[in-house]
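Residue numbers (the working numbering), protein chains in the order written: chain A, 80 to 405; chain B, 233 to 572.
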Amino acid sequence: MAEPRMLTYREAVLDALFAEMRADPAVMIIGEDVGAAGGVFKQTEGLFAEFGALRVVDTPISEPGAFGMAVGAAMTGMRPVFEVMFGDFMTLCMDQLVNQAAKVRYMSNGRAGVPLVLRTTMGTGANLGPQHSQGFYAWAAHVPGLKVVAPATPQDAHDLMRAAIRDDDPVLFFEDRMLYTARGPVVAGEPQTLGRARVVRQGRDVTIVAIGRMVAFAQAAAEELAREGVEVEIVDPRTIAPLDRRTIIASVKRTHRALVVDGAPLAYGVTGEIASIIAEEAFDWLDAPVSRLGAANVPVPISRSLEPLSRPDASAIAQRVRAMLA
Amino acid sequence: MSAHLSQDARWRLFETMLLMRRFEESVAKMNVEKHFTGHYHLYIGQEATGAPAISLLGPKDSLSTTHRNHGHVIARGADPGGALAEIMGRATGLSGGRGGTIHLTDASLGFLSTSGVVGGSISLGVGGAFARKHRKDGSIHLALFGDSALEEGVAFESLNIASLWKLPIVFLCENNSADSWDRSRGGYTTLTHAANDLRSIPGALGIPSRRVDGCDVEDVHEAMAEAVEACRAGKGPMFIEAMTRRWAGSAPLWPELSTGVTDLRMATGEAAIEGEHSAWYAQNDPVLKLARELLGEGAGARERIFAIDAQVTARMQAAERFAIDSPMPAPETALQHVFA
């Protein structure tokens, strides 16, 4: 196995893009400012220089038209990675995403498909306000026909981007901007398949199922709780749809307690789905009700004093675990 | 009549158009006989647009179409039995009964998608053209849509992108708003656009655009041939607005075979043209119009017309039988092709 390299999350995704574009000439990048500019977060830096304007394509500010074009290109032999600069702007692509891309495989009885990745950024913490902070993965996961990925580490970002590009169906790839500078070891091994959770940390007292950036908060909480003698197990689903139920349920059956943590609003979100699955499939193993933490049901405030209040953090997670064990 | 089309070509188009017509008559019949339920849209009255336009495509070219797609799918050569079975939700349908009338498609014939969302397939078509430009194999995309699609924002964006990148795509707008009913008469809304000439929209983006008589195979074929050739030569995109007339049966909210089963004797003069739809039969029915033109070719033409009709009608009878006798999809297959 190759030596691990220390890469940031942003660099890890970019490295995966370089690798897949070199491996397959059908892979292309399409989006706003992804070309010579290298992406507004430098997330496509260097691709234009190596692959040129035909494969790293700058579009007009026309999300529905350009994304629909990417869907059509995916149906005719290309493997586009379409970038939506801020996850909030996914709303502009909804017909092309929900009514077109998600339906093609089924409506054609398997005769056509859309091998496409929609990558987008999300997350609170940078004081970007109500229209530049949202992560709509729960919306996407609600639609049959879309795969949904939210990696938490550089290694997973690298592996899952490669897997997403190689997948024959549409994959939505959500990157938390606050993780972009997180650094970690990355081994460029065999591409993984989507739909597998990762046990981030083993422990016997409680299972925390955490999404995206919440994994890091859960790890910090677990360190704190370990000093108090509480052993936390953390499961990162990594892929939200299809969800790896088996790994989550197996963990809860070991720990008998479950807390589900998400950075998006709690109401009608991913935590509700996961908590329901645990209640349905592991009820007899539970020593306490399944608990949930998510963002408040509020547009993300821009003010530095208000924004952190809208989402869970390590201390909120630790506090909730203590209450569950009390 | 211009000499653009050969006699042979016109006879072939007549057969295609008559098959499109008889197919739609079968669809309406199957619905009346309750072999399928749900809403549907018929292509009657627009055959002289779809048939010549699609006849100009090669096997590598792709297409995208709309809720009013039956004629396009048949003109491209899909099996009428499989198409009818799909509309009737049968396991033997082109898509196993998953898409039905609104999403009738045949991927093996180059159809990208058939969208029921107005304007929804235009951007996909631009993607088809984008992929073709990469392949550099001279193939093109034909995007078929109605006039109201231009009310959607995505249509404008798609035209802009296609023009910016000089993509090999023919935008064929079938304007069937003439003679349409308005809501006060119980019909769909008609075109609601501030542009009083739809050609001005692609025109503003530097896309050459032409308006043709959508009831005239010669006119459509000539304009399409020019547009297809330009796109193959890297001079795309091109825009054509084909003026068709709204068929009376599509005027109310629920389609009805208001003009009955087309009687080709109205073209030969052997049956009287009368009743409330007489003006349509006399002036706007593209199938009767082409039949009249073919009669002008002299001896044997009448017999040839009726021989083609007998053949087409027999083919549709077999298609109806196939679809009616086909099984419904097995319940245990409902979740096939669901991956997330």
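Note that beta-carbon positions come from the ideal geometry of N, C-alpha and C, so glycine has one too.
The structure displayed is predicted, hence computed values, not measured ones.
Check                                                                                                                                                                                          : Outcome
Answer yes if the segment 270-288 of chain B comes into contact with the segment 456-463 of chain B, meaning at least three C-beta pairs across the two stretches below 8 Å, and no otherwise. : yes
Give me the DSSP bridge partner(s) of Gly110/A.                                                                                                                                                : Asp137/A and Glu162/A
Leaving out five residues before and five after Met233/B in sequence, what residues of the same chain have Cβ atoms less than 7 Å from its Cβ?                                                 : Note that Met233/B has pLDDT 45, beneath the 50 cutoff, so the model's placement of it is unreliable and no number is given.
From Arg242/B to Val452/B, what does the alpha carbon distance come to, in whole angstroms?                                                                                                    : 12 Å
What residue does the alpha helix (DSSP H) around Lys365/B start on, and which one ends it?                                                                                                    : Ile354 to Arg367
Under 8 Å between C-beta atoms, does Val150/A make it to chain B?                                                                                                                              : yes
Pairs of beta-carbons, one from the segment 369-378 of chain A and one from the segment 242-259 of chain A, closer than 8 Å: are there three or more?                                          : no
For Tyr275/B, which residues of its own chain have a beta-carbon under 8 Å away from its beta-carbon, when the five flanking residues on both sides are left out?                              : Met252, Glu256, Gly282, Arg300, Asn301, His302, Gly303 and His304
Taking 8 Å as the threshold (C-beta atoms), are Glu312/A and Thr334/A in contact?                                                                                                              : yes
Could you spell out the range, first to last residue, of the beta strand (DSSP E) harbouring Thr297/B?                                                                                         : Ser294 to Thr297
Below 8 Å on the Cβ atoms is my contact criterion, and I expect Ser212/A with Val278/A to pass it. Report the Cβ-Cβ distance as a whole number of Å.                                           : Ser212/A to Val278/A, Cβ: 29 Å. No contact.
Suppose you measure from the CA of Ala280/B to the CA of Gly114/A; what does that come to, to the nearest Å?                                                                                   : 44 Å
Are the Cβ atoms of Leu569/B and Asn188/A separated by less than 8 Å?                                                                                                                          : The sequence shown places His at residue 569/B, rather than the Leu named in the question. It is a contact, given that the beta carbons lie within the stated cut-off.
Using alpha carbons as the reference points, say which of Pro230/A, Val177/A and Val250/A lies closest to Arg317/A.                                                                            : Pro230/A
Sort out for me which residues DSSP pairs Val493/B with in a bridge.                                                                                                                           : Note: Val493/B sits in no beta bridge, so no partner.
Is Met233/B close to chain A? Criterion is C-beta to C-beta, closer than 8 Å.                                                                                                                  : Because Met233/B sits at a pLDDT of 45, beneath the cut-off of 50, its placement in the model cannot be relied upon, and the point is left open.
Compute the Euclidean distance between the alpha carbons of Pro312/B and Val314/A, then round it to the nearest angstrom.                                                                      : 53 Å
At a Cβ cut of 7 Å, what residues of the segment 122-136 of chain A count as close to chain B, listed as they run along the chain?                                                             : Leu133
Hey, would you say Gly622/B sits closer than 8 Å to His373/B, going by beta carbons?                                                                                                           : Because chain B in this structure spans residues 233 to 572, residue 622/B falls outside the shown range and cannot be described.
Considering only the beta carbon of each residue, do Ala98/A and Val266/A sit closer than 8 Å?                                                                                                 : no
Considering only the alpha carbon of each residue, which of Ser558/B, Glu508/B, Asn408/B and Leu527/B lies closest to Gly501/B?                                                                : Leu527/B
Along the chain, which unbroken stretches of the alpha helix (DSSP H) at least 4 residues long are found entirely within the segment 153-227 of chain A?                                       : 183-186 and 216-220
If contact means a Cβ-Cβ distance below 7 Å, which residues of the segment 104-122 of chain A contact chain B?                                                                                 : none
Under a Cβ-count criterion, where at least 16 other Cβ atoms within 10 Å of its own Cβ denotes burial, should Phe362/A be classed as buried or exposed?                                        : exposed
Is there a Cβ of chain A sitting closer than 8 Å to that of Val324/B, yes or no?                                                                                                               : According to the sequence displayed, residue 324/B carries Thr and not Val. Chain A contact via Cβ: absent.
Taking 8 Å as the limit between beta carbons, can you name the residues of its chain near Ala550/B, skipping five residues before and five after?                                              : Gly313
Mind checking if Gly156/A is an interface residue toward chain B, Cβ cutoff 8 Å exclusive?                                                                                                     : yes
Note down the Cα distance separating Ile319/B from Ser345/B, rounded to an integer number of angstroms.                                                                                        : 15 Å
What number of angstroms, rounded off, separates the C-alpha of Lys521/B from the C-alpha of Thr422/B?                                                                                         : 25 Å
What is the DSSP secondary structure of Pro284/B, reduced to helix, strand or coil?                                                                                                            : helix
Taking 8 Å as the CB-CB limit, is Ala339/B close to chain A?                                                                                                                                   : yes
Hey, which unbroken runs of the beta strand (DSSP E) at 3 residues or more fall wholly within the segment 411-475 of chain B?                                                                  : 441-445
Which value, in whole angstroms, describes the spacing of the CA atoms of Ala132/A and Ala307/B?                                                                                               : 37 Å
Quick one: which residues of the segment 173-187 of chain A get their C-beta closer than 7 Å to a C-beta of chain B? List them in chain order.                                                 : Asp174, Gln175, Asn178, Gln179, Val183, Arg184, Tyr185, Met186 and Ser187
What span of residues does the alpha helix (DSSP H) with Met403/A cover, start to end?                                                                                                         : Ala393 to Leu404
Using a 10 Å radius around the Cβ and a threshold of 16 neighbouring Cβ atoms, would you call Phe392/B buried or exposed?                                                                      : Looking at the sequence provided, one finds Asn at residue 392/B rather than Phe. Result: buried.
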